[in-house]
Amino acid sequence: MDLAQDIIRDWDAHLAHEKRRSEHTRRAYVATATRFCAFLSHHRGGAVDAPMLQGLTPNDLRSYLADRRAEGLGNASAARELSALRTFLRFVGGSNASVPQLRGPRVKKGLPRPVAPAEALQLAQDVEANAREGWVGARDFALLLLLYGAGLRIGEALGLTGAALPFGDTLRVTGKRNKTRIVPILPAVASAVSRYAEACPWPIGKETPLFLGARGGPLAPGVIRASVRSARRALGLPERTTPHALRHSFATHLLAGGADLRSLQELLGHASLASTQVYTAVDAAHLLDIYRSAHPRA
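Counting in our numbering, the sequence shown runs from 691 upward without gaps.
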């Protein structure tokens, strides 16, 4: 595996510096490539090197996916792994790469599930009320309000630094692939962030993260996800109520209020309008639910 590890290490650096992929994406891609190379060493025999990787067939990929499916991998995860492997093999082969053609498993696309406005606020309030310290509660409340009020991804919110303080009417956000966008900030969100910053016992410098952990270091996303899990159980909210669902809710509620798709695309930081168009289906589904529950003949 030594040769394979060198290739994977180079690929990770390529993803970080050339493709500017997030740490989360890189970690997932590297894990997939590592599993694949370990599988090939037994499946093919011998050292896994560039020539072997460039000479793979669809049957090799099919065998790997069958092995992973036997471990319980679902359709969506199998499709993601296949996509990661295609990217990996294209990197190994360079400009003359010939990636084995294999149709991935069919994945039924689910619609994002929005959280009702009252539920979003209730969730943030419950997370704050059950925090072990007052400043931690103020931090979590401000962060969740930022996700719902400005449509940020959790990674984007945690990537903010103290240079963003004090919040004004707008905020510059760095999203995927280091693309920046300007998002409007509601007074309630700015007030919540200000209250947290004043209560935080750790210094928030211009170059340090805005949202800090209990010991003054960067706040880990898992901490927020765990707090949200506890709150949604206490409130009886569905499991789809996650920090990322607040971003979906931001988009869905803006669209329902009359926002156009192009403006929504800018606010969400989507590279393609196709990514934003899914919210038209969400809004239509929501209206259909209302119709069915309210119409006397439904």
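Built from N, CA and C at the ideal position, the CB exists for glycine as well.
Starting from residue i, follow the alpha helix (DSSP H) in both directions and report where the run begins and ends.
i       : result
Pro-807 : 807-819
Leu-775 : 765-783
Val-826 : 824-840
Val-879 : 877-889
Distance, Cα to Cα, residue i vs residue j?
i       : j       : result
Gln-791 : Leu-746 : 10 Å
Gly-865 : Leu-775 : 24 Å
Ser-788 : Ala-910 : 39 Å
Val-918 : Gly-907 : 20 Å
Thr-942 : Gly-839 : 12 Å
Pro-877 : Glu-818 : 19 Å
Ser-773 : Thr-722 : 10 Å
Ile-914 : Lys-709 : 28 Å
Gly-912 : Gly-903 : 11 Å
Leu-861 : Thr-870 : 10 Å
Pro-874 : Leu-855 : 14 Å
Ala-988 : Glu-823 : In this prediction, Ala-988 scores a pLDDT of 45, lower than 50, which makes its location untrustworthy; no coordinate-derived value is stated.
Asp-700 : Asn-868 : 21 Å
Gly-736 : Leu-743 : 12 Å
Pro-741 : Val-863 : 42 Å
For the beta strand (DSSP E) that contains residue i, what are its first and last residues?
i       : result
Leu-850 : Run containing Leu-850: none; DSSP gives neither H nor E here.
Pro-908 : From DSSP, Pro-908 is part of no beta strand (DSSP E); its letter is neither H nor E.
Thr-864 : 860-864
Ile-872 : 870-874
Please return the same chain residues whose Cβ sits closer than 8 Å to the Cβ of residue i, not counting the five positions on each side in sequence.
i       : result
His-985 : For His-985, the pLDDT reaches just 48, beneath the cut-off of 50, and the residue's location in the model is therefore unreliable, although a value from the coordinates is still provided. Closer than 8 Å at Cβ, skipping near neighbours: no residue.
Ile-980 : Per-residue confidence for Ile-980 stands at a pLDDT of 47, beneath the threshold of 50, marking its modelled position as unreliable; the derived number appears in the next sentence. The answer is none, since no qualifying residue turns up.
Asp-750 : Leu-730, His-733, Arg-734 and Pro-790
Ala-916 : none
Glu-929 : Arg-922
Going along the chain, which residues of its own chain have a beta-carbon closer than 6 Å to the beta-carbon of residue i, five neighbours each way excluded?
i       : result
Ala-853 : Lys-896
Val-805 : Thr-931, Ala-935 and Ser-939
Arg-922 : Thr-931
Leu-705 : Arg-711 and Arg-716
Leu-835 : Ala-814, Val-879 and Ala-882
Could you pull out every residue in the same chain whose Cβ sits closer than 7 Å to the Cβ of residue i, ignoring the five residues on either side in sequence?
i       : result
Leu-837 : Ile-844, Ala-847, Pro-933, Leu-936 and Arg-937
Ala-810 : Tyr-838, Leu-936 and Ser-939
Pro-891 : Trp-825
Ile-697 : Ala-740 and Val-782
Would a check of beta-carbon distances place residue i closer than 8 Å to chain B?
i       : result
Leu-876 : You won't find chain B in this structure, because it holds only one protein chain.
Legend entry - Contained alpha helix (DSSP H) runs [length at least 4] in the segment 714-754, N- to C-terminal order: 740-744
Legend entry - contact_flag[the segment 821-841, the segment 879-886] where n(CB pairs < 8 Å) is 3 or more: yes
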